[in-house]
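Those letters in the sequence shown? Residues 172 to 351, by this note's numbering.
For glycine and all other residues, C-beta sits at the position ideal for the given N, C-alpha and C.
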Amino acid sequence: MQPETTEVTQPFATIMSALDPPMAVVTAATPAERAGCLVGFHAQSSIHPNRYVVWLSKANHTCRVGLRATHLGVHFLGRGDREVAEAFGTRSGDDGDKFAGWDFDIGEGLAPVLRDCVNGFVGRRVALLDEGGDHVCVVLEPVCVWATDGFRPLRLADVEDLEPGHPVGDRPQPRTQRAG
Ligand SMILES: Cc1cc2nc3c(=O)[nH]c(=O)nc-3n(C[C@H](O)[C@H](O)[C@H](O)COP(=O)(O)O)c2cc1C
Numbered sequence: 172m173q174p175e176t177t178e179v180t181q182p183f184a185t186i187m188s189a190l191d192p193p194m195a196v197v198t199a200a201t202p203a204e205r206a207g208c209l210v211g212f213h214a215q216s217s218i219h220p221n222r223y224v225v226w227l228s229k230a231n232h233t234c235r236v237g238l239r240a241t242h243l244g245v246h247f248l249g250r251g252d253r254e255v256a257e258a259f260g261t262r263s264g265d266d267g268d269k270f271a272g273w274d275f276d277i278g279e280g281l282a283p284v285l286r287d288c289v290n291g292f293v294g295r296r297v298a299l300l301d302e303g304g305d306h307v308c309v310v311l312e313p314v315c316v317w318a319t320d321g322f323r324p325l326r327l328a329d330v331e332d333l334e335p336g337h338p339v340g341d342r343p344q345p346r347t348q349r350a351g
């Protein structure tokens with residue numbers, strides 16, 4: 172891997188922040204446990220066929236559960252969903268069940284589907300990429316999609332004050348591992 176330099180890292184961070192990506196909550200479950208975290212790294216990656224990618228931090232409980240799940244839930248957060256972002260982005264499933272207090276259904280492949288999130292999909296995992304960075308890329312085929320008109324996404328600028336449940340310093344080795 173190339174060494175990172177300040178000349179590259181700082182302007183790169185400036186551009187990435189200015190892109191102001193929409194925020195989503197990714198969920199996953201195995202028969203033993205469920206997980207979910209806030210993500211800003213996600214995008215459509217193919218039209219024919221439909222494909223979507225999410226990048227999960229290797230520090231996260233959601234990554235460890237997600238790698239053993241067949242499907243992931245992807246919930247696109249709207250302007251009024253800051254509370255959801257806070258619940259799933261600032262606490263870790265390594266410390267307890269963060270689904271307590273949230274209504275959810277079980278989707279295909281056991282993926283938890285949060286009832287408060289009215290735009291999203293469950294995707295079947297079709298590929299994985301780990302090129303040695305601190306996030307793993309999961310490629311999804313949407314198999315069940317729900318959507319509403321007039322969706323206005325919650326964006327990074329709306330939540331960048333939140334402190335991640337697993338901070339940058341936890342990657343790639345988290346302080347605790349409930350799953351794995
Ligand atoms: C604004 C913001 C963006 C985030 N983006 C991602 C992301 O793209 N991928 C990821 O895996 N974690 C991301 N996180 C971190 C996780 O949501 C956070 O560490 C969470 O508490 C991990 O929970 P878990 O250990 O239960 O999976 C982000 C957090 C915040 C606050």
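If you measure between the beta carbons of LEU333 and THR261, is that distance less than 8 Å? yes
Segments assigned alpha helix (DSSP H), at least 4 residues, entirely inside the stretch 253 to 309: 253 to 260
Between the alpha carbons of ALA318 and ASP329, how many angstroms are there, rounded? 22 Å
Return yes when the C-beta of HIS232 is under 7 Å from any heavy atom of ligand 1, and no when it is not. yes
Would you decide whether GLY267 is buried or exposed? Buried here means 16 or more other CB atoms lie within 10 Å of its CB. exposed
Which full runs of the beta strand (DSSP E) of 3+ residues lie inside the stretch 178 to 231, going along the chain? Runs of the beta strand (DSSP E) inside the stretch 178 to 231: 195 to 200, 205 to 210, 213 to 217 and 222 to 228.
Reduced DSSP category for ARG250 - H, G, I as helix; E, B as strand; rest coil: coil
Can you give the Cα-Cα distance for LEU248 and HIS337, rounded to whole angstroms? 20 Å
Is any heavy atom of ligand 1 found at a distance shorter than 7 Å from the C-beta of LEU327? yes
If you drop the 5 nearest sequence neighbours on each side, which residues of the same chain put their C-beta closer than 6 Å to that of VAL289? THR319
Which residue from HIS219, GLN215 and ALA184 puts its Cα closest to that of VAL310? GLN215
Assign LEU327 to one of three DSSP states: helix, strand, or coil. helix
Beta-carbon proximity check, ALA195 vs LEU281, cutoff 8 Å: no
How about HIS306 and PHE183: are their beta carbons less than 8 Å apart? no
For the putative contact between GLY278 and CYS315, defined by C-beta atoms under 8 Å, what is the C-beta separation to the nearest angstrom? 6 Å
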